[in-house]
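So the structure is just underneath, and the comments pick up after that.
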Amino acid sequence: MWSNFDIIVWIIIGTAALLLDLATSSFLFVWFTLGAIAALIVQILGYSMYIQIIVFTLISILCMILGYPMVKKIIKKQENSILSIERNYVGEIFIADKDIRDEGVLKFQGVYWRVTNSGNHIKKGDKVKINSVKGNKIFVKKVEEE
1 MWSNFDIIVW
11 IIIGTAALLL
21 DLATSSFLFV
31 WFTLGAIAAL
41 IVQILGYSMY
51 IQIIVFTLIS
61 ILCMILGYPM
71 VKKIIKKQEN
81 SILSIERNYV
91 GEIFIADKDI
101 RDEGVLKFQG
111 VYWRVTNSGN
121 HIKKGDKVKI
131 NSVKGNKIFV
141 KKVEEE
């Protein structure tokens with residue numbers, strides 16, 4: 001009937017795909033999570049590993065072919081509205097909450113941003129100015145005190 005090993009395999013594959021997707025923010029691997037869930041259901045229904053693999057593959061590919069373009073389109077619409085808000089960040093000055101040499105992460109308005117430093121080394125407590133925003137990355141430069 002149920003093999004604990006098969007169940008664990010599908011849970012690991014589904015979880016790994018989901019974590020990979022969360023880490024990359026690409027919506028490319030979430031479809032494998034859906035495939036793993038479908039394979040897990042097929043496994044619980046008592047079908048062989050061969051059938052489980054076929055279901056996993058077909059559901060993953062089908063979801064990717066149908067779902068990825070829809071999600072990409074939705075994200076693009078949301079991105080455009082968010083970008084107009086983020087454009088207002090250009091020119092803003094804030095205090096760095098940690099040291100940044102070239103790249104790192106800083107908190108701005110309660111949100112952690114990937115940061116690229118285009119000036120001198122930034123130390124915690126320094127004032128920094130946002131020069132531009134591209135996606136989820138802000139480009140900053142230390143404000144030099146005169």
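The opening residue of the sequence shown carries number 1 in full-length UniProt numbering; numbering runs sequentially from there.
Using N, Cα and C, we set each Cβ at its ideal position, and we do this for glycine too.
Annotation: Asn117 is outside any alpha helix (DSSP H); the continuous beta strand (DSSP E) that includes it extends over Val111 to Asn117.
Rounded to whole angstroms, the separation of the alpha carbons of Ile138 and Lys107 is 11 Å.
Comparing alpha carbon positions, the residue from Leu19, Ser25 and Gln43 closest to Val9 is Gln43.
Put simply, the stretch 44-51 does not touch the stretch 16-31. Fewer than three CB pairs are less than 8 Å apart. If you ignore the 5 residues before and after Val30, its C-beta comes within less than 6 Å of the C-beta of Asp21, all in its own chain and listed in chain order.
Counting C-beta atoms within 10 angstroms of its own C-beta, Asn136 has fewer than 16 neighbours from the protein chains shown and is therefore classed as exposed. For Gly104, DSSP records a beta bridge to Val115.
With contacts defined as CB atoms closer than 8 Å, Leu34 and Ile53 fail to qualify as a contacting pair.
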